[in-house]
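Engineer: Chains as they are written, first to last, in this note's numbering: chain A, 1 to 296; chain B, 1 to 182.
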Amino acid sequence: MRASIACLTLGLFAASAVWADPEATSAPYREYAPMENYRPHVSGDLSLSGTYAYWKDPKNLDWRMAGNPEENWKLNWKFMDPPFNPAIHGGHFALERGEALYKSLNARGRFARCLGADKGTLKGLRARYPMYHRTLKKVAGLEEVIEHCAAQEGRVLQNGSYDNSAVSLYVASQSNGMPIRIDVSKGEMHAAWERGRRLFHMRAGRFNLACASCHTHQIGLRLRGTVVTTPYGDAAHYPVYRTSYQLQSLHLRFIECNLDTRTQPLLPGSRAYTDLEVFLTALSNGYPVTVPSERD
Amino acid sequence: MRFLSLSIGARALLIAGALLVAGATRADLPADAAINAAAPLQTMQPKVIVNSGRLEWVPYYRDLTAWPTLSHQDRRSTPRPRKVKLDAPVRGDPARGRDLAMRPDKGYCIACHQLPGEEWPGSVGLSLERYKSYGHADELVFQQIFDARAFNPHSVMPPYGTFGILTVEEIADLVAYLQSLE
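Have a look at this one:
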């Protein structure tokens with residue numbers, strides 16, 4: 001069988017010869033999935049997947065849809081996996097640990113201020129992240145800022161570690177039910193949103209896929225057994241408890257999607273991941289912070 | 001446009017070519033890539049350790065460093081679309097083709113396409129269940145798998161040939177398999 005193939009010969013046409021790509025020395029050649037218009041608010045989904053109507057109000061989800069494999073994805077059930085059990089799961093243990101860690105870190109009240117808490121209260125803080133951080137002098141996600149502020153207290157809480165995500169979870173819990181509200185209309189935040197939007201459409205890796213290849217252009221379609229849901233409303237429930245990951249921050253989820261599509265992942269807190277976080281969080285504007293949440 | 005004629009024996013050359021375009025050197029990797037530069041399998045995967053402030057990194061079972069990342073510092077190019085011309089009829093092995101279509105480490109066509117005798121197919125691409133009945137020429141099918149961007153620049157189907165995911169023999173096996181589906 002093998003031997004018979006030897007008679008097949010190939011002619012290859014390439015836009016430019018492989019061995020001496022004349023453009024390799026100038027700007028790199030990269031490809032983009034078709035750009036869509038996004039609105040920095042959950043309601044923008046109405047002109048993308050149109051499923052917003054079903055998940056607009058997390059308290060009034062239609063449980064019958066959850067039981068129907070054809071309809072389940074429309075629920076955009078990001079903050080709980082069916083059958084949802086709001087009782088005890090690993091996220092609750094992480095929350096307790098996060099509270100204890102936070103209290104010891106903030107013994108002198110400095111940690112809260114470093115995180116950007118108004119008058120020492122955490123209420124509403126998570127809903128404003130990512131934000132421009134004054135001492136870091138850049139746009140940063142909550143986990144990056146936690147790492148930085150913990151270091152100020154002489155503690156190591158690496159971005160993406162369990163304890164970092166546990167503190168993030170505790171901080172988020174103080175904003176539970178409050179809608180995400182980040183402003184990407186101007187300045188550094190706008191620049192990050194624009195970079196993130198572009199990155200979301202840039203193809204990468206060995207399969208040459210962009211985030212948008214799946215998350216914008218395959219919504220409601222199946223990849224093997226998994227149905228892709230809208231990118232709107234993706235960010236308000238992170239870090240999330242998952243049995244396989246214990247606690248997964250949003251940047252670790254990016255790493256997972258990168259690995260699944262054979263793309264070399266980046267470090268948590270990298271500029272590109274933070275830009276993607278700004279973009280996805282803006283698509284969650286108006287959606288309530290919901291922690292601790294659980295997914296498969 | 002330059003024309004390159006390769007015999008199948010030059011397979012190694014073809015794959016080396018694909019790597020060359022992507023720029024497979026360590027020096028090109030952006031500084032924020034999650035790698036262990038000292039290991040042969042450089043790509044690293046995070047491991048969350050319960051009740052720890054440190055994130056552990058373990059080697060990933062695949063090395064992914066040769067292809068462009070999302071990093072702003074990544075200056076490497078994506079391999080450009082390539083057109084293929086067959087000089088001889090495809091003589092692949094349909095049984096091997098079927099195996100390649102199912103295997104997650106090979107074609108994994110089932111992730112997106114419906115194929116006979118397999119549960120939980122994807123629905124991103126169209127059903128290939130009775131592919132032969134479309135009556136497409138082998139060369140067209142070969143091109144679609146080798147590099148679908150030749151027909152549709154926005155295709156989400158991975159460019160299996162150009163990116164060296166599958167060898168030309170393996171693509172020939174897949175063509176033979178699809179053309180056997182009645």
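Ideal Cβ positions, reconstructed from N, Cα and C, are used throughout, including at glycine.
#1: Could you give the distance in angstroms between the alpha-carbon of PRO265 (chain A) and the alpha-carbon of LEU276 (chain A)?
#2: Using the beta-carbon count (16 or more within 10 Å), is MET189 (chain A) buried or exposed?
#3: Quick check: is the beta carbon of ARG103 (chain B) nearer than 8 Å to any beta carbon in chain A?
#4: Rounded to the nearest angstrom, what separates ASP28 (chain B) and ARG75 (chain B) at their Cα positions?
#5: Are the C-beta of SER270 (chain A) and some C-beta of chain B separated by less than 8 Å?
#6: Pairing CB atoms from the segment 166-179 of chain B with CB atoms from the segment 144-151 of chain B, are three or more of them under 8 Å?
#7: Considering only the beta carbon of each residue, do GLN179 (chain B) and TYR108 (chain B) sit closer than 8 Å?
#8: Quick check on DSSP: helix, strand or coil for MET202 (chain A)?
#9: Judging by CA-CA distance, which residue of A:THR281, A:ALA27, A:LEU101, A:LEU259 is the nearest neighbour of ASN164 (chain A)?
#10: Shortest alpha-carbon distance to ASP260 (chain A) belongs to which of B:ALA31, B:LEU64, B:TRP57, B:ALA39?
#11: Roughly how many whole angstroms lie between the Cα atoms of ARG103 (chain B) and PHE207 (chain A)?
#12: Based on the DSSP secondary-structure assignment, which residues constitute the bridge partners of TRP57 (chain B)?
#13: Going by beta carbon distance, what residues of the same chain come within less than 8 Å of LYS83 (chain B), once the five residues before and after it are set aside?
#14: For GLU144 (chain A), I'd like the list of residues in its chain whose CB is within less than 6 Å of its CB, leaving aside the five on either flank, ordered along the chain.
#15: Where does LEU266 (chain A) fall in DSSP's three states?
#16: Using the beta-carbon of each residue, which ones in chain A are nearer than 8 Å to ASN51 (chain B)?
#17: Going along chain A in order, which residues have a C-beta closer than 7 Å to the C-beta of CYS112 (chain B)?
#18: Hey, out of A:ALA236, A:THR226, A:ASP296, A:GLN248, whose CA is closest to ALA111 (chain B)'s CA?
#19: Under three-state DSSP, which class holds ILE182 (chain A)?
#20: Relative to the alpha-carbon of ARG197 (chain A), which residue among A:TYR273, A:GLU256, A:VAL291 has its alpha-carbon at the smallest distance?
#21: Output, in sequence order along the chain, the residues in the segment 30-55 of chain A whose CB is closer than 7 Å to any CB in chain B.
#22: Leaving out five residues before and five after LYS123 (chain A) in sequence, what residues of the same chain have Cβ atoms less than 6 Å from its Cβ?
#23: Taking LEU250 (chain A) and TYR238 (chain A) to be in contact with their CB atoms under 8 Å, please state how far apart those CB atoms are, rounded to whole angstroms.
#24: Return helix, strand or coil for MET157 (chain B), following the three-state DSSP convention.
#25: Within 10 angstroms of the Cβ of THR135 (chain A), are there 16 or more other Cβ atoms? Answer buried if so, exposed if not.
#26: Opposite LYS138 (chain A) in the DSSP bridges: which residues?
#27: Is it a yes or a no for the segment 113-128 of chain B touching the segment 211-225 of chain A, going by three-plus beta-carbon pairs under 8 Å?
#28: Among B:VAL156, B:GLY97, B:LEU128, B:SER127, which residue has its Cα nearest to the Cα of ALA176 (chain B)?
#29: Report the residue from A:GLU294, A:ASN258, A:ILE219 whose alpha carbon sits nearest the alpha carbon of THR51 (chain A).
#30: Quick check: what's the CA-CA separation for ALA127 (chain A) versus LEU128 (chain B)?
#31: Please list, in chain order, the chain A residues whose beta carbon lies closer than 9 Å to that of LEU64 (chain B).
#32: Take every Cβ of the segment 35-48 of chain A, pair it with every Cβ of the segment 278-287 of chain A, and state whether three or more of those distances are shorter than 8 Å.
#33: Taking only the alpha-carbon atoms, compute the straight-line gap between THR69 (chain B) and ARG80 (chain B) and give it to the nearest angstrom.
#34: Which same chain residues, not among the five before or five after LEU55 (chain B), have their C-beta less than 8 Å away from its C-beta?
#35: Quick check on ALA33 (chain B): does DSSP put it in helix, strand or coil?
Structural biologist: On the basis of the coordinates in this document:
#1: 13 Å
#2: buried
#3: no
#4: 7 Å
#5: yes
#6: Segments in contact, yes.
#7: no
#8: strand
#9: A:LEU101
#10: Closest in alpha carbon position to ASP260 (chain A), among B:ALA31, B:LEU64, B:TRP57, B:ALA39, is B:LEU64.
#11: 15 Å
#12: B:PRO46
#13: GLN143, ASP147, ALA150
#14: ASN159, GLY269
#15: Three-state result, LEU266 (chain A): strand.
#16: ARG97, TYR162, ASP163
#17: LEU223
#18: A:THR226
#19: coil
#20: A:TYR273
#21: ARG30, GLU31, ALA33, PRO34
#22: GLN174
#23: With a contact defined as Cβ atoms closer than 8 Å, LEU250 (chain A) and TYR238 (chain A) qualify at about 4 Å.
#24: coil
#25: It counts as exposed.
#26: A:HIS133
#27: yes
#28: B:GLY97
#29: Closest by alpha carbon: A:ILE219.
#30: Their Cα atoms are separated by approximately 46 Å.
#31: Close to LEU64 (chain B), with beta-carbon spacing below 9 Å, are these residues of chain A in chain order: GLY205, ARG206, ASN258, LEU259, ARG262, THR263, GLN264, PRO265.
#32: yes
#33: 16 Å
#34: Exclusion of the five residues before and after LEU55 (chain B) leaves PRO46, LYS47, VAL48, ILE49 as the residues of its chain whose Cβ lies within less than 8 Å of its Cβ.
#35: In the structure shown, ALA33 (chain B) sits in a strand (DSSP, three-state: E or B).
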